[in-house]
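Undergrad:
As structure tokens, this is what we get:
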């Protein structure tokens with residue numbers, strides 16, 4: 071191989087051993103950029119898919135609301151459990167998990183302490199400040215009656231008690247486990263000017279009514295429940311079975327009582343409401359009523375409550391066949407002066423102002439799009455950063471190609487020209503790889519193309535010129551002195 075003084079190339083610097091590695095500055099070792107970019111792209115796509123899947127899961131997974139209700143054997147517990155089963159069976163987006171308490175007062179306490187998301191409470195008991203009404207579960211009527219005299223052979227005797235004012239010094243059997251009915255009795259007595267301390271109240275279960283009538287343990291009874299309450303019907307039937315037909319004590323001052331106690335409403339027990347023979351009652355009876363509410367604690371999502379309210383009134387149709395009390399479920403009072411402020415989500419359902427999917431999740435969608443855009447920008451910058459070394463290498467190789475172009479025009483050796491062509495082929499391959507990986511653009515590739523074309527033309531011209539020159543004369547060797 072012939073060397074020209076002052077010219078240094080990779081071919082001239084290389085040893086005769088073909089296994090010697092190339093100069094890393096002139097021929098950078100190929101990097102697995104394509105593979106790395108594919109892995110990064112795959113990781114980014116998987117991350118985005120995972121984020122979207124997680125967002126969809128958290129947005130669409132069922133929300134379980136804990137609802138406090140009691141007492142254990144009460145009608146409210148059975149109704150709420152039936153509704154919860156329908157919610158679960160229908161795979162609704164909002165589910166209920168009943169928490170059985172000792173009664174409405176305990177349920178209100180559970181809501182007050184945030185131990186429950188929902189609660190079934192009585193409207194005539196203190197309402198927690200964080201309670202917002204969702205629905206009226208049912209309305210309870212106050213039913214007062216006294217056992218009539220024993221029926222004689224010539225007809226039914228008259229009752230010993232026929233007016234509420236006659237309860238002074240008497241004993242009233244309050245049916246049910248909750249002490250709230252004792253408070254109801256006090257309110258009624260006070261309305262009629264009867265000192266509650268002069269009336270003894272005895273708490274009774276339904277099964278104790280017949281014995282209490284026979285033994286004259288009590289003089290009158292008070293029960294509270296829906297119009298179709300099984301408890302009231304059984305208590306009246308037990309009174310009649312003792313041979314004493316019930317005599318109803320009407321609350322004729324119901325309007326005045328309601329004016330003094332807004333938590334109650336004036337109501338009427340229609341004739342024949344409790345059946346029997348003769349029918350009970352025989353005439354309409356004035357009384358008062360109060361509501362059992364489903365309330366939500368302040369802070370539960372409005373959209374969740376709106377969905378819950380919609381499911382509640384949809385499930386009511388299904389549950390009515392098993393539990394007739396479901397037919398009593400009503401929408402809450404949405405007026406601003408309502409006894410219990412309405413929950414905004416429930417009000418939206420009642421007023422038909424429910425938010426659509428886009429209304430609920432527009433902010434989430436917008437932030438997701440912004441996040442995807444930011445992720446794409448960061449990914450593009452990161453990919454550009456990873457290709458920085460390759461771009462520097464391509465610039466170095468382009469400069470080397472231009473240097474080789476000048477060297478080819480001065481070269482006096484065909485072997486040197488061949489070595490430079492081989493090096494140019496390597497540069498071309500690296501340039502094409504860089505273009506495929508995105509490290510160089512079309513303009514840079516065009517510049518490489520022009521430089522390569524000029525280089526190959528210069529090599530061809532130089533080889534033609536070297537082939538036309540006569541061989542250099544061989545000088546004789548000088549004799550060595552002896």
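In this note's numbering, the protein residues as written are 71 to 552.
Virtual Cβ for every residue (Gly too), placed ideally from N, Cα, C.
1) Should residue 535 go down as buried or exposed, given a rule of 16 or more other Cβ atoms within 10 Å for buried?
2) With burial defined as no fewer than 16 other Cβ atoms inside 10 Å of the residue's Cβ, what is the status of residue 531: buried or exposed?
3) Once the 5 residues before and after residue 478 are set aside, which same chain residues still bring their CB inside 7 Å of it?
4) By how many angstroms is the C-alpha of residue 138 removed from the C-alpha of residue 279?
5) When the distance is taken between beta carbons, is residue 365 closer than 8 Å to residue 410?
6) Could you please give me the residues that DSSP links to residue 189 through a beta bridge?
7) Which two residues bound the contiguous beta strand (DSSP E) that contains residue 209?
8) Determine the contact status of residue 193 and residue 363, defining contact as a CB-CB distance below 8 Å.
9) Using a 10 Å radius around the Cβ and a threshold of 16 neighbouring Cβ atoms, would you call residue 223 buried or exposed?
10) For residue 244, does the three-state DSSP call read helix, strand or coil?
11) How should residue 112 be labelled, buried or exposed, when 16 other C-beta atoms within 10 angstroms of its C-beta is the threshold for buried?
12) Might you give, ordered along the chain, the residues of its own chain that have their beta carbon closer than 7 Å to the beta carbon of residue 277, omitting 5 neighbours on each side?
13) Take residue 298 as the anchor and find which of 350, 281, 155 has the nearest alpha-carbon.
14) Can you have a look at residue 448 and say buried or exposed, based on whether 16 or more other CB atoms are within 10 angstroms of its CB?
15) Taking the beta strand (DSSP E) that residue 253 falls in, what are its first and last residues?
16) Could you give the DSSP three-state label for residue 11: helix, strand or coil?
17) Looking at the secondary structure, which residues open and close the alpha helix (DSSP H) in which residue 527 lies?
18) Whose C-beta lies closer than 6 Å to the C-beta of residue 501 among residues of the same chain, with five residues either side of it excluded?
19) Tell me whether residue 290 is buried or exposed, calling it buried when 16 or more other Cβ atoms sit within 10 Å of its Cβ.
20) Which of the three DSSP states, helix, strand or coil, is assigned to residue 319?
21) Please classify residue 539: is it buried, with 16 or more other beta-carbons within 10 angstroms of its beta-carbon, or exposed?
22) With a CB to CB cut of under 7 Å and the five nearest residues on each side skipped, what residues in its chain are close to residue 377?
23) Can you have a look at residue 215 and say buried or exposed, based on whether 16 or more other CB atoms are within 10 angstroms of its CB?
24) Closer than 8 Å by C-beta to residue 301: which residues in its own chain qualify, once you throw out the five before and the five after it? Chain order, please.
25) Go ahead and pull the three-state DSSP assignment for residue 359.
TA: Checking against the coordinates, here is how it stands:
1) exposed
2) exposed
3) 487, 490, 525, 528, 529, 532
4) 29 Å
5) yes
6) 138, 365
7) 201-217
8) yes
9) Low confidence applies to residue 223: its pLDDT is 43, below 50, so where it sits in the model is not reliable, and the reading given next is rough at best. That one is exposed.
10) strand
11) exposed
12) none
13) 350
14) exposed
15) First-last for residue 253: 250-261, but that is the alpha helix (DSSP H), not the beta strand (DSSP E).
16) The requested residue 11 does not occur in the structure, where the chain is confined to residues 71 to 552.
17) 512-538
18) 518
19) buried
20) coil
21) exposed
22) 163, 164
23) buried
24) 145, 245, 246, 276, 293, 295
25) strand
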